[in-house]
Amino acid sequence: MSEEQILAGTLYIVPTPIGNLDDITLRAIKILSGVDLIAAEDTRTSKILLDHFSIHKPLVSFFSQNESLRVPQLLEKLKEGKSLAIISDAGTPGISDPAYSIITTAIQENIRVIALPGPTAFIPALVASGLPTRSFVFEGFLPNKKGRHTKLLELKNESRTIILYESPHRILKTLQELQEVFGDRDAVVAREISKKFEEIIRGTLSSLHSTFSSRSIKGEYVIIVAGVEK
Ligand code: SAM
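Remember, the working numbering sits 3 above the position in the sequence shown when you count from 1.
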């Protein structure tokens, strides 16, 4: 393994597994073992992961509701020369997870930000989908209510492959609305990526809707929709 010194006063953004714990990178383990402090979205969830890799470092919580309070506190630590790693419950912090505010503030304050490559749900979902990867747009979660229809209308004429995150209790509704607004199109649902019940279901928006209407819906989902043909 290569040597990597942990840099003082540096903010590390560290991706963690989205399912299979073996997806953690050697570098992520090294950085998490070496930093002074780890800020985690849910400290109980992250403690299980960190214990698994025998990483025992001071942990503080960092989630959307305490972000505005935490950012100045954590920035103070960085300015004192402490090294800090941000992790989320799963995947890459800053991708549909907290981290954006601390990253932008750190940049404004001339604090070094290092983002490690690593697990995130949408890249394997896109790659396995078989839909065009040459250009794509990642939208994360659609708005729940306000702005939802406007966002769908905005995406209707998008020619790049569209990637969405969705929760199990809204997947049917979203597939239905996508079909209503976009018309029937090629689409793929990737569920439980890197977990025991991983599935990549390829079809059209209508066929996926009927597939999911007839089964119990559990797990985590990425929806990939073909862009409009120009
Ligand atoms: N930061 C994460 C990342 O880098 O992908 C995303 C966090 S976001 C709060 C959680 C959403 O990511 C889930 O609702 C689901 O849409 C997607 N997701 C996370 N893990 C997944 C998995 N193993 N399989 C499919 N989708 C997943």
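Backbone N, C-alpha and C define an ideal beta-carbon position, used for all residues, glycine too.
query: If we call anything under 8 Å between Cβ atoms a contact, is E202 one with L167?
result: no
message: Can you tell me whether H55 is buried or exposed? The criterion is at least 16 other CB atoms within 10 Å of its CB, across all chains shown.
response: exposed
message: On the DSSP bridge list, what partners appear for D189?
response: T207
message: Threshold first: 3 residues or longer. Then list the beta strand (DSSP E) segments lying entirely within the segment 124 to 190, N to C.
response: 139 to 144, 164 to 169
message: If I follow the unbroken beta strand (DSSP E) through V17, where does it start and stop?
response: First-last for V17: undefined, no H or E at that position.
- prompt: Straight-line CA distance for T108 to Y15?
  reply: 14 Å
message: Looking only at its chain, what residues have a beta carbon closer than 6 Å to the beta carbon of I89, apart from the 5 residues adjacent to it on each side?
response: I16, A42, P96, A102
- prompt: So, helix, strand or coil for L119, using DSSP?
  reply: coil
query: Would DSSP call I227 helix, strand or coil?
result: strand
Cα-Cα separation between Y2 and S170, rounded to whole angstroms: The chain is shown from 4 up to 233; residue 2 falls before or after that span and cannot be answered.
message: If you measure between the beta carbons of D39 and L87, is that distance less than 8 Å?
response: yes
query: Can you name, in chain order, every residue of its own chain whose Cβ lies under 6 Å from the Cβ of R198, other than the five neighbours on each side?
result: According to the sequence shown, residue 198 is Lys rather than Arg. The answer, listed in chain order, is G22.
query: How is the alpha helix (DSSP H) around L77 delimited, first residue to last?
result: 70 to 82
query: If you draw a straight line from the alpha carbon of I226 to that of Q179, how long is it in whole angstroms?
result: 12 Å
query: Between the Cα of E232 and the Cα atoms of R188, E79, N147, S219, which residue gives the shortest distance?
result: R188
message: Looking at V192: is its Cβ nearer than 8 Å to the Cβ of L155?
response: no
- request: Tell me where the beta strand (DSSP E) around S64 begins and ends.
  value: 62 to 64
message: With a threshold of 7 Å (Cβ to nearest heavy atom), would E180 be considered close to ligand 1?
response: no
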